[in-house]
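Going by my numbering, the residue at position 380 of the sequence shown is 370; the numbering climbs one at a time, nothing skipped. Don't be surprised by glycine CBs; every beta carbon is placed ideally from N, CA and C. Please read all numbers here as calculations on a predicted model, not as lab measurements. Here the structure comes first, spelled out in structure tokens, and everything after it is commentary.
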Amino acid sequence: MKYETVIGLEVHLHLATDSKAFCGCSTEFGQRPNSQSCPVCMGLPGSLPVLNEKAFQYAIKAALALNCKIQDLVKFDRKNYYYPDLPKNFQISQYDMPLSYDGFLEVASKERRKKIRIRRVHMEEDAGKLVHPEKGFNSLVDYNRSGIPLLEIVTEPDLSSPQEAYDYLTALKAILKYLKVSDCDMEKGSLRCDANISVREEGSSKLGAKVELKNMNSFKGVRDALDYEIDRQINFLEEGGKITQETRLWDAENGVTISMRYKEESEDYRYFPEPDLVPFIPDKKLIDGINEGMPELPQARLNRFLKEYGLSEYDASHLTSEAQTADYFEECVKFYPNPKAISNWITGDIASHLNLKNLTIRELGVSPEKIASLLKMIDDGAINGKIAKEVLEEMIVTGISPQEIVKLKGLTQISDVLELERIIEEVLKKNAKSVEDYIGGKKNAFMHLVGQVMRQTKGKASPAVVNEILKKRLKDRSS
């Protein structure tokens, strides 16, 4: 029997506000446990919540970028459940009237574009954090996270493979970072994802029993957990078992999912309208203003890079995946109008340094002006490509200009014809066998001779001049 997979995703996003969703407590990460809480976010008697205006604006901004409709009336609800990290014993969320609904996100996956429908984008507050010491049987609670503004983005079950889920999350994260509504740092818990997955007979219209997956701290983790769960469910069905609706945790160390609890239904949370927050009608002028101030989003920027700069799909995708990188590229082009050359350096050597040091392109400390100066020096013949790589490394370490580095280290390219002729003559005398091989028709011998010249000059010789002189000398010897 053949099966097909049905996947829906729920993304929880910390909004990048300075204060919490309904009080003035700081949202700064990494502070002393329980140092950022107050009667409001702890739910103490007599305290009243007040909606964070910036959080509301960020939520509208994200919803509009995801092509959602904005609700005519904004209402909050209480979601009741009892857990040690939820001091109020309820969470302020939105139930039957989410902030926005009926959106979509187009995702490129396996050379095709697919529209993933967004069921709802709504606001809520985060719970605290439980800390489980390795020794002992107790757990600790940190309420600093309690009350941080969250945005929940829920898809329809439109995803059909773990790779599609990975591609959707990558595209979503890029949009959210372009909007600057969140830092999307999964290590800090700023972006978290739960996945709902079921399998069914191929061609069936009936959904299988849904399993929710939690505890995935990377997009790769989401993909791996879904891969495992698909195999688990299919094998279980093939053995005659029946899938039950439940929540399972992803154990990344062992590469398995573990049953956590049976999945609750909405009625288990006993939703009712939040009595301390008055429903209100969003200001149309506010929404229009947010819409008009929307930045150029990743897909639109990618399309423009293809058209305006004549880049390949691969290069444009790499450059526009992060707003910082795209901005950096365009600044470089202003100083050095050769988009392809700049793209090659950013996606090649610069990207290697960023990955090695785990930095963003702005954190690397090399300005677009200095990159432009480096490339101009190659064009002018002052240095060659190999030396330029060495200069780039030094620029990253010291922060000084490429001209200063070349001068201090004596890296100026040797282009003097007389000097290179002398060096090439020495190389030809020392490598008589390679000369014979080349004359005899072994063309690879030429590259060996070029390599010997570059070695003799410590990489400073102009490759173009070396090739020209060497070909002439070898031609003279073969005639």
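Those residues which DSSP pairs with residue i across a bridge
i    : result
I187 : I(-3) and V201
P139 : E115
Y252 : E236
A98  : R103
R70  : Reading off the sequence, residue 70 comes out as Asn, not Arg. Paired residues: F80.
H2   : E142 and R182
T247 : W240
K59  : Y91
V356 : According to DSSP, V356 bridges with nothing at all.
S9   : S16
D132 : K119
V64  : F270
R110 : Y91 and V144
F262 : R68
L474 : Nothing can be reported for residue 474: it is not among the residues displayed for the chain, which extend from -9 to 469.
L149 : I(-3)
M206 : C183
Exposed unless 16 or more other CB atoms sit within 10 angstroms - verdict on residue i
i    : result
F12  : buried
L408 : exposed
Y252 : exposed
L3   : buried
I395 : buried
R68  : buried
N42  : buried
A454 : exposed
T337 : buried
R238 : buried
K347 : exposed
S25  : exposed
E202 : buried
N134 : buried
Q21  : exposed
P39  : buried
Nonlocal neighbours in the same chain, by C-beta distance under 6 Å from residue i, ignoring five residues either side
i    : result
K105 : F94 and E96
I429 : S468
Y326 : A362 and L365
D427 : A435
H112 : Q84, P88, L89 and E142
I513 : Any question about residue 513 goes unanswered here, given that the chain covers just -9 to 469.
K330 : none
H438 : S424
G14  : none
Y299 : P329
Spatial neighbours of residue i in its chain, beta-carbon cut-off 7 Å, leaving aside the 5 residues before and after
i     : result
V212  : A155, Y156, L159, C183, A185 and M206
C322  : I332, P358, I361 and A362
A316  : R291, L309 and T310
A52   : V111, L141, L166, L169 and V171
A164  : P288 and S311
M(-9) : E191
S37   : P29 and V30
H122  : S129
S208  : M176
V381  : L364, I373, P392, I395, V396 and L401
Which listed residue (the options) has its alpha carbon closest to that of residue i
i    : options                   : result
T170 : K297, L287 and S27        : The question names Thr, but residue 170 in the sequence shown is Lys. That would be L287, whose Cα lies nearest to the Cα of K170.
T249 : R260, R222 and P269       : Here residue 249 is Ser; the residue named in the question, Thr, does not match the sequence. It is R222.
K204 : L197, I82, S16 and D214   : D214
G400 : E303, K465, I414 and I373 : I373
K462 : G449, I414 and S424       : I414
V417 : G431, G441 and E177       : G441
L267 : P285, S16 and V30         : V30
K379 : I459, I340, F295 and V201 : I340
L344 : M367, D369, Q314 and I368 : Q314
L354 : M367, D241 and I386       : I386
E146 : F295, T247 and E0         : E0
L181 : D173, G389 and S188       : D173
F295 : L410, D278 and F319       : F319
D116 : E124, L63, Q81 and K44    : Q81
K78  : L54, A45 and M32          : M32
G472 : N421, Y(-7) and V356      : Any property of residue 472 remains undetermined from this structure, which presents the chain solely from -9 to 469.
G137 : V144, G118, L149 and V131 : G118
N334 : F270, S302 and L149       : S302
S188 : L149, L162 and L54        : L149
Own chain, CB closer than 8 Å to residue i, minus 5 neighbours either side, in chain order
i    : result
D217 : P152
T234 : A199 and Y252
I368 : N374, G375 and A378
Start-end ranges of the beta strand (DSSP E) lying completely within the stretch 389 to 425, minimum 3 residues: Under the rule that a run must span 3 or more residues, no beta strand (DSSP E) segment is found entirely inside the stretch 389 to 425.
Inside the stretch 284 to 332 only - alpha helix (DSSP H) runs reaching at least 4 residues: You should have 288 to 299, 303 to 310 and 313 to 325.
In chain order, which continuous runs of the alpha helix (DSSP H) of length 4 or greater are located wholly inside the stretch 23 to 47? Fully enclosed alpha helix (DSSP H) runs of 4 or longer: 29 to 32.
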